[in-house]
Amino acid sequence: MARNYEYKEVNIADLILDDENPRFASSVLVQDSATKVSQTAIISHLLKYANIIKLANRINNVHELHGAELITCYKRDDGYVVLEGNRRTCACKLLLDRSLIPDNYKSNFPFINEETKENIERILVIVYPDREAVQAFLSDRHITGVKKWSALEKNNYYMNLFHAYSDISKVQEFTSDTLGTIKKCIRKYQFFMDVFHILKSRHKNIEIEKLDYLPMVDRFMDTLVGNDPEVGLNLSFDEDTQKYLCEKDKQSQYNEILMLIGEAFLLRKEKKYCINGELSKIVSTEIYGFSNQKELILKDERIPGLIAMIKDYHGLKSSPPTEDLKQDNPDQSHGTGDNQDGDPLDDDDGNSSNGVTPEDGNDIDEEKYIPSVKYKPKKTKREYLSFTIEESKSLKISGDSDFEVKIRSLIYDLSSFSVYRHPYACALLYRTLLEISTRLVYSRHTSTISSPYNEKDLVGNMKYLNNNFLFTAKTGKDIPKLKEAIKANLSNPDIIKILNLYIHYPNPVDEQILLSTWNSMKFYIQACLEK
C-alpha cells in the first residue's frame, strides 16, 4: 500500500496559516464576528497568545527549524494549508517579511540573520492529500501527545549536558531556560541522586522512575542545606561542580540525614494507604514555605530524629572546607553560626554564643591554645534590590504625594529583604516599584509627554519613557548601552510579564533574574525618580 503523504520542499511564502486550527480559530472568529478568518487576524492572535516572538528568537538563534519535526500541510489552489506547525510557520513568515508584523509588535520582533534566512526561505514539509487524511496524525500529536519529560528527566538532561561541556553557558545554548534555572535544575538533580544512592544501600529494589522527587528538592532542599542556625546544615557549595558538599569528617552523619529524609519523602506510603499509625509520605502542602519546613523539623513528629541528627552534625569537630572549593554561591551562607542576614550569632551579652569563656577552662586540653573569642568568618554577600547612597542623592521623592510616600516605602522594604529569603515579596515589591515610578513620571510631566499613560500597557509606557524621555538630557558614553539594557529587559519575555507570573501563578521565583535585571532596571527607576 502506497503511503498517504509526500515530502516536498516549498517556499515559506506559499504556506497558509490554517483558519480552522483549534488552537485559535474559535477565538479569532468570535473576536472578528466573521465567517472567514484572515491571515492577519491569525498572526495577531498567535503573537498575543502563542509566544511567537520567543519562538522567532529561538529559530533565529539556531538558524533553522528542527529537522525532526516537519511542518505538515495539504495542497490547496492558493498554496499549502498548514495543519501542524502553525506557530513555526508564523514565526518564519514574520522573520522573512517584517511587513506582516503588526506595528505594536515590531519593536520587539527580532531581525533575521543571513544564515537563518538562507535556511528557512525554502523548507521541507509533509504534504497530505486533504485535511481528512491528516486527522489521525493530529489526534496522536495533540490529544494523545508526545510524552513530556518529567522534572527529573529534564534535570537529568541538563546534568548530562553539564557533564559533557562543564560550562553552564554552553548548556544554555540548547534551551530557552535562564542560567539561574539551569543551575537550580543541576543542583536539585545532584542532591536527589545523593539521596537516591544512599537509599539504594538499604532499599535494594527501589525504582527511580517511580519516585516523586519534587517536594524534597523544590521545597525542602534549600532549608536543609542552608544557613538557618537551628535547622540548616550550612553546606559548602562547589561552583565548579554545582554540588553541595558536607565537611569531610561528617560524611557518615550527613548520609544518615539523607537516608532519613529520603525515606520520609520518597519511600513512605501515601496517607490513604497508611495503617496502625504509620507515618505517611511528606507532601508539598505540608512544607509550602520556609516557616512550615522549619516547624516540621523542630516538631520532630513527621520526620522523627531529624532535628537530633542535625544537632549531632553540628556537634562534631569541624574540619575546614578544602581550599579549592568556591564558596561564592549567593544562596548559601558558608560559615557556621550565621543568622539569616549572614551575621554571626551573638548571645544576649554580645559575646559569641560558641566562644570559650573562663568557666569552660576545666574542659580544655591543657596542651592546646584556644583563643577566648571565636573566629568570625566573613559575612556572606547580602543580596538586596537596593540603591547606593550616592545613587539615592538624585532621587526627588521627599514630598508628601501618594506616589512619593509609596516609593519611599517600597525602596525601604526592597533594601531590607534578601531575594533569597523573601523571593516572592521581592518580586511583588519590584513589580510595584517599576509601575509606581513610571506613573510618577507621567503624573509630573503630563504637559510635556506627548503620549498619554496607557492603563492597559505598562511595558509600552516604560518603553516610551526609555526611548523618548528619561535619557534625552543625559550624556555619557554609557547611556546608549544602558538604554539598550533596559530595552532588552522590556522585550519578550519582558520583566513585567516575568514578575506577573511569579505573583499570580505558582511559578518558582528565579532569584538570579531579579538580581540581574535590577542591575539595569534600577537606573530606569532612578531616571524616573530624578524627573
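Numbers in the working numbering are just positions in the sequence shown, counted from 1, shifted up by 736.
The C-beta atom is built at its ideal place from N, Cα and C for all residues, glycine as well.
Model, not experiment: these values are computed from the prediction.
- In its chain, beyond the 5 residues on either side, Asn796, His799 have a beta carbon closer than 6 Å to the beta carbon of threonine 852.
- Residue burial is scored here from C-beta neighbours: histidine 781 has at least 16 other C-beta atoms within 10 angstroms and is therefore classed as buried.
- No residue range can be given for asparagine 757, since it is assigned to no alpha helix (DSSP H) and is classified by DSSP as neither H nor E.
- When secondary structure is reduced to three states using DSSP, leucine 981 falls in the strand class.
- Relative to valine 1019, the option among Gly998, Tyr1260, Ser774, Ser1122 whose CA is nearest is Gly998.
- About 7 Å separates the beta carbon of leucine 1002 from that of tyrosine 949, a gap short enough to meet the 8 Å contact definition.
- Where asparagine 740 is concerned, there is no enclosing alpha helix (DSSP H), because DSSP gives it neither an H nor an E.
- Going by DSSP, leucine 791 is part of the alpha helix (DSSP H) stretching over 788-798.
- With fewer than three CB-CB distances shorter than 8 Å, the segment 1003-1015 does not count as touching the segment 905-924.
- Take phenylalanine 928, set aside five residues on each side of it, and the residues of its chain with a beta-carbon closer than 6 Å to its own are Tyr949, Val953, in chain order.
- The alpha-carbon separation between proline 1244 and glutamate 868 amounts to approximately 42 Å.
- Threonine 917 places its beta carbon 8 Å or farther from that of aspartate 1230.
- The Cβ neighbour count for glycine 1212, taken over all protein chains shown within 10 Å, is under 16; the residue is labelled exposed.
- Only residues of its own chain outside the window of five on either side were considered, and among them Tyr816, Val817, Leu819, Val863, Tyr864, Pro865, Asp866, Arg867, Ala869, Val870 have a CB closer than 8 Å to the CB of tyrosine 810, listed in chain order.
- Collapsing the DSSP output to three states places tyrosine 1148 in a helix.
- Distance between leucine 1165 and asparagine 844, taken at the CA atoms: about 26 Å.
- The DSSP assignment places 972-974, 979-981 as complete runs of the beta strand (DSSP E) inside the segment 896-981, in order along the chain (cut-off: 3 residues).
- Runs of the alpha helix (DSSP H) lying entirely within the segment 1206-1237 and spanning at least 4 residues, in chain order: 1215-1225.
- Between isoleucine 1232 and the set Glu983, Leu1206, Asp1193, Arg955, the nearest pair of CA atoms involves Asp1193.
- Excluding sequence positions up to five before and after isoleucine 1023, its CB lies within less than 7 Å of the CB of Pro951, Arg955, Phe956, Gln1029, Leu1032, all in the same chain and listed in chain order.
- For threonine 808, the enclosing beta strand (DSSP E) stretches over residues 807-812.
- Between the segment 819-830 and the segment 779-794 there are three or more C-beta pairs closer than 8 Å, enough to call the two in contact.
- In the three-state DSSP reduction, tyrosine 816 falls in the strand class (E or B).
- Taken through DSSP and simplified to helix, strand or coil, leucine 830 comes out as helix.
- When the five nearest sequence neighbours on each side are left out, the beta carbons in the same chain lying within less than 6 Å of the beta carbon of leucine 888 are those of Tyr949, in order along the chain.
- In terms of Cα proximity to isoleucine 1133, the closest of Leu1265, Asn963, Glu805 is Leu1265.
- If you draw a 10 Å sphere on the C-beta of glycine 968, you find 16 or more other C-beta atoms in it, and that means buried.
- Nearest neighbour of serine 1151 by Cα position, chosen from Leu1169, Phe910, Leu971, turns out to be Leu1169.
- Lysine 890 and glutamine 908 have their C-alpha atoms spaced approximately 13 Å apart.
- By the neighbour-count criterion, in which 16 or more other beta carbons inside 10 Å mark a residue as buried, valine 1141 falls on the exposed side.
- Among the bridge pairs identified by DSSP, valine 863 is matched with Glu742, Cys809.
- By the 16-neighbour rule on beta-carbons within 10 angstroms, glycine 1135 is exposed.
- Just measuring C-alpha positions, the residue of Asn1228, Tyr1120, Asp903, Asp814 sitting nearest glutamine 1248 is Tyr1120.
- By the neighbour-count criterion, in which 16 or more other beta carbons inside 10 Å mark a residue as buried, proline 846 falls on the buried side.
- In summary, arginine 1175 is buried, with 16 or more beta-carbon neighbours lying within 10 Å of its beta-carbon over all protein chains present.
- DSSP lists Asn747 as the beta-bridge partner residues of arginine 858.
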